[in-house]
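Start counting the sequence shown at 9; every next residue gets the next number (the working numbering). These notes concern the structure reproduced below.
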Amino acid sequence: MPSGNAVISTAVSRIGQRRQVVIPKRVFDALQLRAGDFVEVSVEAGRLQMRPKRLVDIGDEALTASEALKVRRGEAEIKAGRSKTWRTVKNELGH
Numbered sequence: 009m010p011s012g013n014a015v016i017s018t019a020v021s022r023i024g025q026r027r028q029v030v031i032p033k034r035v036f037d038a039l040q041l042r043a044g045d046f047v048e049v050s051v052e053a054g055r056l057q058m059r060p061k062r063l064v065d066i067g068d069e070a071l072t073a074s075e076a077l078k079v080r081r082g083e084a085e086i087k088a089g090r091s092k093t094w095r096t097v098k099n100e101l102g103h
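Structure, rendered in structure tokens:
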């Protein structure tokens with residue numbers, strides 16, 4: 009993903025009824041995004057900002073091979089829409 013403050017591409021998009029915003033193709037491509045990627049959304053000085061975001065860097069050397077596998081499986085579950093709430097996980101663990 010490109011970094012820095014340089015403006016790569018701009019475009020206008022419309023907010024849908026469910027507060028969804030379509031990222032225009034040229035912006036999507038310029039940021040090298042893929043379907044299922046995460047973005048961080050924030051407001052600063054009255055401006056909407058979106059940044060590509062990785063929840064966990066699988067390539068991070070701090071992860072063991074088994075931890076990296078769990079992260080990949082978890083990301084696949086999230087992308088497939090098969091995630092669980094914390095309450096469900098907590099109950100399954102018996103806490």
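Glycine included, C-beta positions come from ideal geometry on N, C-alpha and C.
Check                                                                                                                                                     : Outcome
Enumerate, from N- to C-terminal direction, the unbroken beta strand (DSSP E) stretches of 3 or more residues contained entirely within the region 44-95. : 46-52 and 55-61
For P32, which option in K78, A73, M58 and R81 has the closest C-alpha, if you only look at C-alpha atoms?                                                : M58
Which whole-angstrom value is the C-beta distance of K87 and G44, which I expect to be below 8 Å?                                                         : 4 Å
Span of the alpha helix (DSSP H) holding A38?                                                                                                             : K33 to A38
For V29, which three-state DSSP category applies?                                                                                                         : strand
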